[in-house]
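Quick note, the numbering used here runs 71 ahead of the 1-based positions in the sequence shown.
Cβ atoms here follow ideal geometry from the backbone N, Cα and C, with glycine treated the same way.
All of these numbers come straight from a predicted model, not from anything done at the bench.
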Amino acid sequence: MLLGRTYDIKTDSPGVDIFPQSAIENATVINRHYTDSQYRMVSDTQEARDFLGVTGGLSLKIKTGQVQIEGLGNYMRETYSRSKVVEILVKVHYETETLTIPSTAKPRPEWKTLDLREIGTHYVRSITFGGDLVASLRFTAKNSADREKIRAIVQANLQADTGSFGLGIEGNFSRLQEDLKDMSTLEINYYATVPIKGVPNTMESLMELVEDFPEQTQKVNKGKGVPLSMELFPLSALDNDMPRFLESKALIDQLDLLETQFDDIRATKKALQEWMLNVPPVLPDEIEDEVQSSQDSNAKASDSQILVADKTGAPWESEHVTDVRMGCGVGPCEKFYSKLAPIRVQGRNVSSDQSISCSVCFIEERTSATVFPGRTTCPPEWTLEYNGFLTTKDIRSRKGDYICLDSYSESSENQVLLMGKMEKHDHVSDVKLGCGTLPCNKFQKDSLIPCVVCTY
């Protein structure tokens, strides 16, 4: 990407050069020489993405191959099983200088006559050079049961899930490798935007690499390193007649959700590949015979295979068991099925920032407890336990089921067992009706969806 070139942020494609060459050659140079090194223990790809400062939309483009980014991009494209792994990410961000177009520079006069489809929406006003390094420390437990022990030891040694990766932490990381050598194996992978000298495989060599990374970056491109980031400025700032680009919050939320679902598919595919490794390429003869016999069987149809619901009992049952009542099976009858149209949850709309009290209750002489969404009363012969509103975990939390939150739910710090500081807290969002999902003339937009919890 060249300084002063246009860029279409809608299609992620470069455009044309609209500034004269003299403005580019006289670009202002801002010397930075800034280094930032951090570490964080991550549990999933979303935590890793947030730590590396990558948005959901960009992460999705990297994983699908639409955008090629060295360093952190190579890390994000990887897929591996986390069932036995405790991972610590270390990132080093080093900036050398920033080239920016002076505020007095003017674009070429004829740029307004170009086709809008070729110009785009923004232009590159500045480019920052330097180098990025990402190190992934993966402690793989020799036994699945030891994974939580490893997490506890990591937290005890580092005293925090995240922090600055400096010389003061060197002793803690060295002790960490020593404490975990009997219950896990350590694998260190590196992803850098510039060539690195050697492949460190110990904590001590990792510390040396982090300390020497600025020096290794300065060996590239006459001391400048490689382009790290660019500042995109809207073309409407140069001409008020240019269309303004406004980012859609709803689209950002949908891309975050899509990226999470895509990660699930990648993880499932990887798990299936690992499972297939244990499947023998040739089935044993006895299994082949079983498969063949099932395929050769010739079952004949009979009207006795289709029985009325109240005549499905076996002969033993009909002689020794007395019917209590006739009716539907476990769960509600078909006429009580929910007929809600599709709904969506976007953004974070938490009803309260406080913890939500909850309890698990046992009700005698009940065989089923069911949530009926979109209702304020229970079906006939069902007992109402409580009324509420439909909620679910928001898109930034781990996926979960829809729950019926009591309308009179309480929040008390003395009655709620809070999770530890190291555990991930989930957030609950209200589920609301959106215009277009259901007819607006019949339902109120952005209204909460009622629900009831009934027992039978």
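Tell me, please, which residues DSSP counts as bridged to A440. Under DSSP, the beta-bridge partners assigned to A440 are T526.
Give me, in chain order, the residues of the same chain whose beta-carbon lies closer than 8 Å to that of Q109; leave out the 5 immediate sequence neighbours on both sides. Answer for Q109: F122, V161, K162, T233, G234, S235 and F236, listed in chain order.
Since H164 sits in a beta bridge, which residues does DSSP pair it with? Paired residue(s): D107 and D203.
Can you have a look at A342 and say buried or exposed, based on whether 16 or more other CB atoms are within 10 angstroms of its CB? Exposed, by the Cβ-count rule.
Give me the Cβ distance between E168 and F200, rounded to the nearest whole Å; I'm assuming they're in contact under 8 Å. Right, the Cβ-Cβ distance comes to about 6 Å (below 8 Å), so this counts as a contact.
With burial defined as no fewer than 16 other Cβ atoms inside 10 Å of the residue's Cβ, what is the status of K503: buried or exposed? Result: buried.
Can you check whether the CB of N228 is closer than 8 Å to the CB of R209? Contact: no.
Which residues bound the alpha helix (DSSP H) around P85? Segment S84 to D88 is the beta strand (DSSP E) holding P85; no alpha helix (DSSP H) there.
Does the beta-carbon of D381 have 16 or more other beta-carbons within 10 angstroms, so that it is buried, or is it exposed? For D381, the pLDDT reaches just 44, beneath the cut-off of 50, and the residue's location in the model is therefore unreliable, although a value from the coordinates is still provided. An exposed status is given to D381, since fewer than 16 other beta-carbon atoms sit within 10 Å of its beta-carbon.
Grab me the residues of D107's own chain with a C-beta within less than 7 Å of its C-beta, minus the 5 sequence neighbours each way, in chain order. Only residues of its own chain outside the window of five on either side were considered, and among them H164 have a CB closer than 7 Å to the CB of D107, listed in chain order.
Taking the alpha carbon of L306 as the point to measure from, which residue in I474, H193 and R218 has its own alpha carbon closest? Closest by alpha carbon: H193.
Within 8 Å, do at least three Cβ pairs link the segment 293-300 to the segment 74-88? They do not touch, by the three-pair rule.
V156 versus K220: straight-line alpha-carbon distance, rounded: Going from the Cα of V156 to the Cα of K220 covers about 11 Å.
Helix, strand or coil for G234 per DSSP? The answer is strand: DSSP assigns G234 an E or B state.
For the beta strand (DSSP E) containing V499, name the first residue and the last one. Taken as a continuous stretch (DSSP letters only), the beta strand (DSSP E) holding V499 covers V499 to D501.
On the DSSP bridge assignment, give the partners of I259 in chain order. According to DSSP, I259 bridges with L208.
For I80, which of helix, strand or coil comes out of DSSP? In this structure, I80 counts as coil in the three-state DSSP scheme.
Is D217 near the ligand FAD, judged by its Cβ being under 7 Å from some heavy atom? Inclusion of the ligand FAD in the displayed structure is not the case, the ligand content being empty and no account of it being possible.
Extent of the continuous beta strand (DSSP E) to which T288 belongs: That residue, T288, is in no beta strand (DSSP E); its alpha helix (DSSP H) goes M274 to T288.
For the candidate residues L476, H498, R103 and L461, whose alpha-carbon lies nearest to that of S518? Sorting L476, H498, R103 and L461 by C-alpha distance to the C-alpha of S518 places L461 at the top.
Classify C525 as buried or exposed, calling it buried when 16 or more other Cβ atoms lie within 10 Å of its own Cβ. So C525 counts as buried.
Quick check: T264 and E149, are their CB atoms within less than 8 Å of each other? In this structure, T264 sits away from E149, with a CB-CB distance that is not shorter than 8 Å.
Just how far apart, CA to CA, sit F90 and P314? Between F90 and P314, the alpha-carbon positions lie close to 19 Å from each other.
Can you check which of these residues, A338, F433, V353 and S428, is closest to S154 by C-alpha distance? Measuring from the Cα of S154, the nearest candidate turns out to be A338.
Thinking F333 and K134 are a contact (beta carbons under 8 Å), I'd like their distance in whole angstroms, please. F333 to K134, Cβ: 6 Å. Contact.
When DSSP labels each residue in this structure, what does R396 get in the three-state scheme? Residue placement at R396 is poorly supported in this model, since its pLDDT is 43, which falls under 50; the coordinates still yield a value, given next. Three-state result, R396: coil.
Which residue comes first and which comes last in the beta strand (DSSP E) that contains T116? Run containing T116: none in the beta strand (DSSP E); it sits in the alpha helix (DSSP H), T116 to L123.
Would you kindly check if the distance between the Cβ of T331 and the Cβ of Q117 is under 8 Å? With contacts defined as CB atoms closer than 8 Å, Q117 and T331 qualify as a contacting pair.
Beta strand (DSSP E) containing L476: first to last residue? First-last of the beta strand (DSSP E) with L476: I474 to D477.
Within a Cβ cutoff of 6 Å, which residues of the same chain sit near L440, ignoring the five residues on either side of it in sequence? Here residue 440 turns out to be Ala, not Leu, going by the sequence shown. Excluding sequence neighbours, A440 sits near T526.
In angstroms, rounded to a whole number, what distance separates the CA positions of E241 and L251? In this structure, the alpha-carbon of E241 lies about 16 Å from that of L251.
Measure from the alpha carbon of L322 to the alpha carbon of each residue in I198, L129, L74 and I336, then state which is nearest. Considering only alpha carbons, the answer is L129.
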